[in-house]
Amino acid sequence: MTINDTYQEIVTITQQVIESGLSVQEKWPERNGSRITWNGQNDISIALKNIPYAEKYTVLESDQNFNFKMIDGALIQFMYEFNQTGRKLESHRLAFLPSPKLEHYDSAPEDYEELHFGQSEFHDMIEKNIVAFPIRFDYNENEEFFKEIDHPYSHVSFGEYEFCRIPVNRPITPSIFISFVLRNFYSNAVRSRGEICAQSKFRFDMTITNNEKNILHFNID
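For the sequence shown, my numbering begins at 2 and goes up steadily by one.
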C-alpha cells in the first residue's frame, strides 16, 4: 500500500463520515512530502506528555488537531509517514480520543436529544455507565524502538497506560481503523444504517514475530 493509496483512502473515508452525519467537524487529509496528516496540523507533542488526559484532549480539540470531531466529541486522527519513494510505510499513529466529559449532551434541550439521540441510534454515546478511554494504534519500523513483545513494531494501546502495547500482526490501514472505531463505538448508528466505511482490499505487510503470535494479539487477514 503506497502513500497515494493511503491518502486516497482517507479522502474516501472523510467523504463517507461526513455523509453519515456522525462528524460535526472535519479536517481534510493533507500530504506533505512523505507524510499524511490533516489540513492545518499543529504540533501534537502534548498528546505524548505525561499530563492528565482531559488536558491533552482540550488542547487537541482547541487547536483542531484531528481528522474528525465526532457528534459525541470524540476526536479521530490519522497520521502516516512513508519513505521518500512513497512505497514503504515507516510509521503511523491512529488515535481515537473520546471526550472526557459529555455534560453538554445531558443538558441539551429535548428536541436536540430527540433529533440526535432520541431513538437509540446514538444512544450508546451517552449511556451513564460508559467509561471513555483513548485507543491508539502505532507502528514504527525503526529498530531502535522495537523490543519483541514489550514494544512490537505494530501495536495497540488502551487508555494512557505506559506499558500497554498489545501486538498487532501488521500496520493498520485507514479503512480498517475507521471500521473498528465505528463498529465498536458507534454500533447503533452502524446497525441502523449499514456499513458506513467499507474496508478496502489494501493491506500492509506482516510485522509480528513468532513469539508475539503466541500471546494475545490483534490479527488482520
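For glycine and all other residues, C-beta sits at the position ideal for the given N, C-alpha and C.
Kindly indicate if chain C contains any beta-carbon less than 7 angstroms away from that of N143. Annotation note: the requested chain C is absent from the structure, which comprises a single protein chain.
Hey, V169 and S155 are a contact pair by Cβ (cut 8 angstroms); roughly how many whole angstroms apart? Counted from its first residue, the sequence shown places residue 169 at position 168. Counted from its first residue, the sequence shown places residue 155 at position 154. Right, their Cβ atoms sit about 4 angstroms apart.
With distance defined between alpha-carbon atoms, name the residue in Q17, L90 and E62 nearest to F205. Reading the sequence shown from its first residue, position 204 is the one you call residue 205. The shortest C-alpha separation from F205 is found at L90.
Let me check understanding here. Comparing Cα to Cα, which of G160, Q42 and G87 lies closest to P99? What you label residue 99 is simply residue 98 of the sequence shown in a count that begins at 1. That would be G160, whose Cα lies nearest to the Cα of P99.
Residue span of the beta strand (DSSP E) that contains I136, given as start and end: As a working note, residue 136 is residue 135 in the sequence shown. I136 to N141 is the extent of the beta strand (DSSP E) around I136.
Using a 10 Å radius around the Cβ and a threshold of 16 neighbouring Cβ atoms, would you call Q42 buried or exposed? For the purposes of this step, residue 42 is taken as residue 41 along the sequence shown, with counting starting at 1. Label assigned to Q42: buried.
Enumerate in chain order the residues of its own chain whose CB-to-CB distance from K202 is below 8 angstroms, with the five nearest sequence positions on each side excluded. In the sequence shown, counting from the first residue as 1, residue 202 sits at position 201. Result list for K202: empty, nothing under 8 angstroms.
Nearest-angstrom Cβ-Cβ length linking R94 and R137, presumed shorter than 8 angstroms: If you number the sequence shown from 1, residue 94 lands on position 93. If you number the sequence shown from 1, residue 137 lands on position 136. That pair is a contact at about 7 angstroms.
Is it true that the CB of V18 sits closer than 7 angstroms to the CB of F69? Here residue 69 is taken as the residue at index 68 of the sequence shown, counted from 1. Here residue 18 is taken as the residue at index 17 of the sequence shown, counted from 1. Taking 7 angstroms as the Cβ cut-off, F69 and V18 qualify as a contacting pair.
For N33: DSSP bridge partner residues: Translated into the one-based positions of the sequence shown, residue 33 becomes position 32. Note: N33 sits in a beta bridge opposite R36.
In the structure shown, what three-state DSSP assignment does A190 receive? The residue labelled residue 190 in the question sits at position 189 within the sequence shown. Three-state result, A190: helix.
Cβ atoms of R166 and M207: under 7 angstroms apart, would you say? Taking the first residue of the sequence shown as 1, we reach residue 207 at position 206. Taking the first residue of the sequence shown as 1, we reach residue 166 at position 165. Going by C-beta atoms, M207 is not nearer than 7 angstroms to R166.
With 16 other Cβ atoms within 10 Å as the buried cut-off, status of T174: Within the sequence shown, numbered from 1, the residue matching residue 174 stands at position 173. T174 should be labelled buried.
To the nearest whole angstrom, what separates the beta carbons of I11 and S35, a pair I think is in contact under 8 angstroms? As a first step, residue 11 is located in the sequence shown; it is residue number 10 there, counting from the start. As a first step, residue 35 is located in the sequence shown; it is residue number 34 there, counting from the start. About 15 angstroms separates the CB atoms of I11 and S35; that is not less than 8 angstroms, and the two are not in contact.
Looking at the secondary structure, which residues open and close the alpha helix (DSSP H) in which I72 lies? In the sequence shown, counting from the first residue as 1, residue 72 sits at position 71. Counting along the chain, I72 falls outside any alpha helix (DSSP H), and DSSP gives it neither H nor E.
Which residue marks the beginning of the beta strand (DSSP E) containing V25, and which one marks its end? By 1-based counting over the sequence shown, the position of residue 25 is 24. Segment S24 to E27, the beta strand (DSSP E) holding V25.
Can you say whether D139 is buried or exposed, counting buried as having 16 or more other CB atoms within 10 angstroms of its CB? Looking up residue 139 in the sequence shown gives position 138. Buried.
Which one of E62, D222, N33 and P101 has the shortest CA to CA distance from P135? Translated into the one-based positions of the sequence shown, residue 135 becomes position 134. It is P101 whose Cα lies nearest to the Cα of P135.
Applying the 10 Å Cβ sphere with the 16-neighbour rule, what's the burial state of E56? Locating residue 56 in the sequence shown gives position 55, where the first residue counts as 1. That one is exposed.
Where the beta strand (DSSP E) through L217 begins and ends: Stepping through the sequence shown from its first residue, residue 217 is reached at position 216. No beta strand (DSSP E) contains L217, which DSSP labels as neither H nor E.
Where D44 falls, given that 16 or more other Cβ within 10 Å makes a residue buried: On the sequence shown, position 43 is the one that residue 44 refers to. Exposed, by the Cβ-count rule.
Is it buried or exposed for Q78, if we count other Cβ within 10 angstroms and need 16 for buried? For the purposes of this step, residue 78 is taken as the residue at position 77 of the sequence shown. Buried is the call here.
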